[in-house]
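> For reference, the structure I am asking about is given below.
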Amino acid sequence: MSRIPEPDPRSKPLDPRPLAPALAAAEAAGWTTLRLDLDGVRGKTALMRSCARALRAPEWFGANWDALADTLRDLSWLPPAPGRLIAVTSWEGYAHERPDDWETLREVLEEAVDFWRDASVAGEGAPLTVLAAEGARRGHRRG
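With the first letter of the sequence shown counted as 1, position 120 gets the number 276 in the working numbering; the numbers rise by one all the way through.
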């Protein structure tokens, strides 16, 4: 199983276009695609808001790690689909600013992928895939 990447302090922003073929292929296959853009997100509250928005979470979403894990294991409000793809972009700034929270987010996402893989194998759900790619930041300068 592929893992969500660790931030590399030497890395440069990547062109977001490499995600476009994966998103297009997933959509063409009937998968639900969700985009979690972390550009400008620097705190846990903003992260939870971004997650809720990206996941189209119901109003009961509790905006904490346990609620995020529960939400990722439910997804019943999303349309039926043969699979689901979450594309995480512009994550390196958040990972640099909040490394412990980034690690927790990685763990929550990886656990959700494992949960849905097992459910899919058992015929009880569709697989979940998470892709993480650094997006180009407009007007952002690296120092």
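Glycine included, each C-beta is placed from N, C-alpha and C at the ideal position.
Could you have a look at L192 and say whether DSSP puts it in helix, strand or coil?
Working through the sequence shown from its first residue, we reach residue 192 at position 36. Strand at L192.
> How far does the beta strand (DSSP E) with L287 in it reach, from first residue to last?
Working through the sequence shown from its first residue, we reach residue 287 at position 131. Segment L284 to A289, the beta strand (DSSP E) holding L287.
> Measuring straight from C-alpha to C-alpha, what distance separates P174 and V197?
Reading the sequence shown from its first residue, position 18 is the one you call residue 174. Reading the sequence shown from its first residue, position 41 is the one you call residue 197. One C-alpha to the other measures close to 22 Å.
> Look up T245 in the DSSP assignment and give the residues it is bridged to.
The residue you call residue 245 lines up with position 89 of the sequence shown. Answer is D193 and A289, bridged to T245.
> Look at the alpha carbon of A282 and the alpha carbon of G199, and state the distance between them as a whole number of angstroms.
In the sequence shown, residue 282 corresponds to position 126, counting from 1. In the sequence shown, residue 199 corresponds to position 43, counting from 1. Their Cα atoms are separated by approximately 31 Å.
> Is it the case that the segment 226 to 235 contacts the segment 246 to 261, given that we only count it when at least three CB pairs across the two stretches are under 8 Å?
no
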